Structure formats: structure tokens, C-alpha cells
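Line order of the protein sequences matches chains A and B. Reading the first sequence from the start, the letters are residues 1 to 182 in our numbering. Reading the second sequence from the start, the letters are residues 1001 to 1399 in our numbering.
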Amino acid sequence: MRKLIPYFCGALALSFGLTACGGAERVDQNAGIVTTVREVSEGEFKIEDEQMVESKSASAIIAKYADNTTDTIPLSEMERMMNDSTLAQASQDTTHNQNRHYRHRSSMFSIVSYGMMGYMLGRSRSNFSPRPSAYMNQSTYQRVSNTTGTRFRNATSRTTSSRPSKGKSGYGGSRSTRSYGG
Amino acid sequence: MVDDRLAEIGQLSPKQLRKRGLEWFIESDNHDYLAPELIRLEDHELTAFSQAACELYELLLRAARKVGEQELWTAAGIPPNAVEAVDHSLRREWGNHLVGRFDFAGGLDEVPMKMLEFNGDTLSLMPETLSLQPMMLEMLPRRDRKNARQWNHLRTGLVKGLKQVLQRYPNRPATLLLLGLGHEEDWLNLDVIEMAAKQAGFEEVHRAPLAEVIFSEEEGIFLEIEPEEYLRYDFVFKMAPWEFIAYEEPELMGLLTQIIKRDLCVILNPAYSMLLQSKAVLPMLSELGLQHPVLLKASRDNKAFPDHCYAEKPIYGRTGDNVRLFDGRTAPVAENQGDYGHLPRIYQELAPFNTDSDGDRYQPSVYVAGGDACALCFRRQDGLIVDDDAEFVGHYLTG
């Protein structure tokens, strides 16, 4: 029997680089994500909202801190900070004067990557699911997952058309959500 | 007893599962779903499962053709509003069947192997088989892990089948829409299809709940990607059974019939898969001249079992739903509720199962994908009917 080919090619490294993991996958250049996180306790963040934006370069994190201040961190800055080898030290360094919330950035980025931002930035598309525990609560997760989540996954660079003639939808909508798999 | 075959592996790490998006399989109601053991097989036992699955698959395909040739739709359990689609599919979509899963009883030690059913239309257990089983293999004690293997080529089979579909329709844009009804388990199974589809060469693979999908009998199958912007799909894989559509959404059944007849979309698994799924076909097999030692006796009439020992099953249904087992007495010895109680029934010979010293029954399952038998997994049940309470059990081979 031949040896099983591993399902994953190595560990899923969190990468904020521009290249997607996996040569066979296409990176959708069209869409981006703006993730809003809220600091729920000292240094701990949860995702409050995720919105799709028209271009990847418009992606950003909006951070709402416990002291009622807000930060907007654009994609370019996220990438620079994750590549910054001093980030790990900065998380220890409470005297860093650039931004007094700087030291919380790595936990913030972790949480953000468990949502749709992680999907956009290269976590394996075929097996990625946003982690519900990264969100403020279950209903936030459901709402975001069913709207932005699905729309983002379906974003495409293909040509679209106008509404098909005699098109009908809404089937199966009233059914229970029990699995119909055999 | 299979106790000697069980190797302790403990529980999979929740962190590892979360990394792969598979934590659903251990959360809330699933907290005891994954068995902390692997079951060991000998090569010859695996060969027997693989061979039986291949032979039975060919047999069921032949049965489907005969049903079509002789137009035995009613006997085969095809609702009237699905006949046109199934008939067309047999003629024009033959070979498009992508994936199904056999459920067996026995097959180990002295217990004879018997086929319980074939899930030929929609199916589950794919992520467990493909992704969790290899993780479980890694947890064998070092000494056993060295020579341990698994028969787990579901991805290869799916990729092969999907490539065949693409090759068959070379002029169609390679866009695939995955349809679910909303249950998380369906999305996780569709993740497996998505992964294989991308590897097979599908350029765009999207997903949506059925309620959001737009069906046009003149233009095909669409999603509204952006307000007023619609994307058309040339291929669809649905995790909604054909009989569900026929019984519960007859208008949609009509639309899909027109869509496939007009070549507007390739729907997987194709409509003739109903004939592979319907248990009403099982009593017909011997009547159609098709025999196999692994087949259980089946009848439309429980008088075929004068000793009153049989399993009563609806012709369509999820595993275990509305199944009643009779062991000779008037009242059933086991009975499950479900949504399929109104459907016609068939009666099937009772099959012995392999068990362990806890009394759990083991049900082996074999996948056929891309025309090949390609993967094995097990479930075990504390009880007589294998249903949602079953545990998933991985397997391994040594030497």
C-alpha cells in the first residue's frame, strides 16, 4: 500500500505576506476585509464585525480599546509589523512610545486571523473555517459568517451577468438544519 | 470479539483540530464522537472489503440500467416527478456518478460480510475518513506506528472522478457551486469536495445554502454574488438528496429536470444516483438476475421472513431513521424515530455484526469515488441500530 500523502503540506503557518499558501490556489485580488475587534479584557480581543471591502489593499483592522480609544491599522502596516522581528520584544516592552497599545498587537492579530482576515491572507482555503470563539459571541459569529463570510468566499474575478430570466430561489429555506448526508 | 484489534490512541488534540477547522467533531454533542481507539485489520480482510465494494458497485450500476431499460420506476422508489430527470440522466449522464459510501456488517473474524446499504446520492463521514483518520494513525504508540498504514485514498478517488467530469465537458467553464441545506456537517463534507475539486482543476469553487441559489430553466444555476450581479455555474455538487427535492420541493424538481435536459448545468451526484440510493432497488436485485454473496435477502413484503426476523427500513432515509428491527417477536426489538416514516418500506434479512466485549457493534464503511473503492472507516454503536449516537472509529493495517 502506498504511503498516505499528507492532507496538509506542513503546518499552517500564519503568514501576513501577499502570497497565498499552496501553488494551486488562486488568490482573489479583488476583495478585502475590514475586521473590527474590541478589547474585552486587558490585552484580550474579540471580533465584533467583519465587512467586505472592494479591494484587498483597503483591508484593515479597526481596534476598539478598553479605554475607549480606537485605532485603524491598514493592511500595509499589519504586514510590516508581522515582519518586524522586534514585535515579540515589543509585546514585553511596556515603555514603547510609538503607540501605547502596541504590545497587544500580536494577540490582536491572532484573533483577527481566526476570522475572515485569516482566510484572505492565505490560510488554506479549502479547509478554513472561522473560529467561533474568536468572535464577541455566538450571534456575532453567525451573523458575520452568514453574510460577509459567504460573500467573501464567493468573491470572484469572473464576469457576472444580469439576473437570469425566470430565475427562482428560496428553495429548502424552511427546512430544519439537520444533515441530509447518508 | 474485536477487543484484540483495538489499539488505544487517546483523544485528538483540540488545538490540532481547530487549526484544521475540524473542531466541530469534538464540540458539544460530538464530545464523545471520536473513539479513542483504532481498529486493526489484516491485509486480506481489507482486500475482501475493497473487492466486495467494487463488485457491488458494478452490480448496483447494472441494476440501475436495467430499471431504466424496463422502466420499473415505481418499484424502484422513484417518485413520478423525478422519472424524467432520472431517465434522462441514465441516458445522457452515465459515468458522472462521483462518490458513494457502502455500509457493511461483519467482515472480520468469523462474522460474514454483508452489505446493509449504499449511500449513493448524498453522504457524510468524508472529513472524518479523509482528515481525522490520518491524525489518529499518528497517535499510535511508536512501536506500532512504524509499520502502520491506512487505506485512505478518498482524496485520490474524488480528484480522479472530478477530473473525469471536467474531461467529459471540456468546453464548460470549470466553475463549481457547492449546495448545502445549512447544517455544519454538510459544509464540512463539502469542504472535502471543494479541496478535491480545486486539485482536479476547477477554477472557481463557491458555496451557498440552497435557499440563496437561483434556478432558471432557461439559463441555468446562479448566485447573486453582488447586488444585481449574478454568477453562473456550469457544475453543481449538492448535499441535498434528490428524493428530498422531489418530495419536498417539487417545483425545484421540475426546474432541475429542465436544466439538465437542456444541458445548462452538470449536477453531481447525477439524478440516476437515486437508483443507487433507493433501498427499493434491493428487493429487485434477485428479480433482475443480480446476485452476490454479500447481499442480504430483501423483500417488499415481510411475509418473506416467516420467522419474523428482519430489519424494516424506509426506502430513503438517513442512517438509522425509522428503522425497526424484529427478532421473531411481534414487537420490534429496536426502533428509531425519524422523518421518513411515511415512505414505503423494505424488509431486509438481519445481519450479524462484529462486536466488542462492551457489546458495541462495528459497522465498516467503504467509499467508492471516481469509480474506485478507495477508503475504509468504521462506526460503532452501543445499541442495535447504527445512528447519530455512533462513534467514529479509525482503522489501521500493519506489516
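C-beta atoms are modelled at their ideal positions from N, C-alpha and C, and glycine is treated no differently. Note that the structure is predicted; figures quoted are calculated from it, not measured.
Roughly how far, in whole angstroms, is the beta-carbon of residue i from the beta-carbon of residue j, given that I think they are within contact range, below 8 Å?
i	j	result
N1081/B	A1246/B	6 Å
A1369/B	G1077/B	About 24 Å separates the two Cβ atoms, so there is no contact after all.
M1001/B	L1056/B	Contact flag wrong, Cβ pair sits at about 27 Å.
G959/B	P1352/B	Any property of residue 959/B remains undetermined from this structure, which presents chain B solely from 1001 to 1399.
L1223/B	N146/A	That pair is no contact at about 14 Å.
I33/A	E50/A	6 Å
L1060/B	F1118/B	6 Å
S1216/B	K166/A	5 Å
F152/A	A31/A	6 Å
Please work out which residues of its chain come closer than 6 Å, Cβ to Cβ, to residue i, disregarding the five sequence neighbours upstream and downstream, and give them in chain order.
i	result
D71/A	A63
Q1070/B	none
L1252/B	I1245
D1003/B	D1356 and S1357
E39/A	F45, Y65 and A66
G943/B	Here chain B comprises residues numbered 1001 to 1399, so residue 943/B is not present and cannot be evaluated.
L1098/B	G1161, L1268 and N1269
G1157/B	A1369, G1370, D1372 and C1374
Run through chain A and tell me which residues come within less than 8 Å of residue i, C-beta to C-beta.
i	result
A1211/B	S169, G170, Y171, G172 and G173
R1255/B	According to the sequence as given, residue 1255/B is Leu; it is not Arg. K168, listed in chain order.
E945/B	Coverage of chain B is limited to positions 1001 through 1399, which leaves residue 945/B absent and any answer about it impossible.
R1018/B	R131
List the residues of chain B whose Cβ lies closer than 7 Å to the Cβ of residue i, in chain order.
i	result
R158/A	E1204 and L1231
S161/A	Y1230 and R1232
Going along chain A in order, which residues have a C-beta closer than 7 Å to the C-beta of residue i?
i	result
S1216/B	P164, S165, K166 and G167
Q1252/B	It is Leu, not Gln, that sits at residue 1252/B in the sequence shown. Correct list: Y171.
R1361/B	The contacting residues do not exist; R1361/B stays about 18 Å from chain A at best.
Run through chain B and tell me which residues come within less than 9 Å of residue i, C-beta to C-beta.
i	result
S41/A	Near S41/A there are no residues of chain B at all, since even the closest Cβ is about 21 Å away, more than 9 Å.
N137/A	Going along chain B, no residue has its Cβ under 9 Å from N137/A, so there is no contact; the nearest lies around 16 Å.
Could you name the residues of the same chain whose beta carbon sits closer than 7 Å to that of residue i, not counting the 5 residues immediately before and after it, in chain order?
i	result
K1313/B	K1279, V1323, R1345, I1346 and Q1348
R1142/B	none
Y1340/B	P1314, Y1316, G1317, D1321 and N1322
P1112/B	G1106
R1062/B	L1290
L4/A	Low local confidence applies: a pLDDT of 30 at L4/A is under 50, so the model's placement there is unreliable, with the coordinate-based value given in what follows. Cβ neighbours of L4/A beyond the five flanking positions: none.
A1200/B	V1159, L1162, K1163 and L1166
E1440/B	Outside the displayed range of chain B (1001 to 1399) lies residue 1440/B, so it cannot be described from this structure.
V1086/B	I1078, A1271, Y1272, M1274 and L1275
Residue i touches chain A at which residues, Cβ-Cβ below 9 Å?
i	result
R1091/B	Those within 9 Å of R1091/B in chain A number zero; the least Cβ separation is about 25 Å.
Just to make sure I have the definition right: I need the residues of chain B whose C-beta is within less than 8 Å of the C-beta of residue i. Which are they?
i	result
R153/A	H1206 and R1207
Is there a Cβ from chain E that is less than 8 Å from the Cβ of residue i?
i	result
T150/A	Although the question refers to chain E, the structure presented lacks it and instead comprises the protein chains A and B.
Excluding five sequence neighbours on each side, which residues of the same chain lie with their C-beta closer than 8 Å to the C-beta of residue i?
i	result
E42/A	A66
M1/A	Confidence at M1/A is low in this model, with a pLDDT of 34, below 50, so its placement is unreliable and the value that follows should be read with caution. Correct list: empty, nothing qualifies.
L1384/B	L1325, V1333, A1334 and R1361
T1398/B	R1040, D1144, N1147, A1148 and R1149
L1022/B	P1127, S1131, L1132 and L1188
V1281/B	L1060, A1063, A1064, V1067, A1076, G1077 and L1275
Practice problem: Write down every uninterrupted run of the beta strand (DSSP E) in the stretch 1211-1279 of chain B whose length is 3 residues or greater and which is fully enclosed by it, in chain order. | Solution: 1214-1216, 1220-1226, 1229-1233, 1235-1238 and 1266-1268
Quiz item: Along the stretch 1220-1241 of chain B, what residues have a CB closer than 8 Å to any CB found in chain A?
Solution: G1220, F1222, L1223, E1224, I1225, E1226, E1228, E1229, Y1230, L1231, R1232, M1239, A1240 and P1241
Quiz item: When Cβ atoms are compared, which residues of the stretch 1179-1190 of chain B fall closer than 7 Å to chain A?
Solution: L1181, G1182, H1183, E1185, D1186 and N1189
Quiz prompt | Within 9 Å of chain A by C-beta, residues of the stretch 1067-1088 of chain B in sequence order | solution = none
Practice problem: Enumerate, from N- to C-terminal direction, the unbroken alpha helix (DSSP H) stretches of 4 or more residues contained entirely within the stretch 1143-1177 of chain B. | Solution: 1154-1168
Exercise. Within the stretch 1307-1349 of chain B, note down every full beta strand (DSSP E) run reaching 3 residues or more, in order along the chain.
Key: 1309-1314, 1324-1327 and 1345-1348
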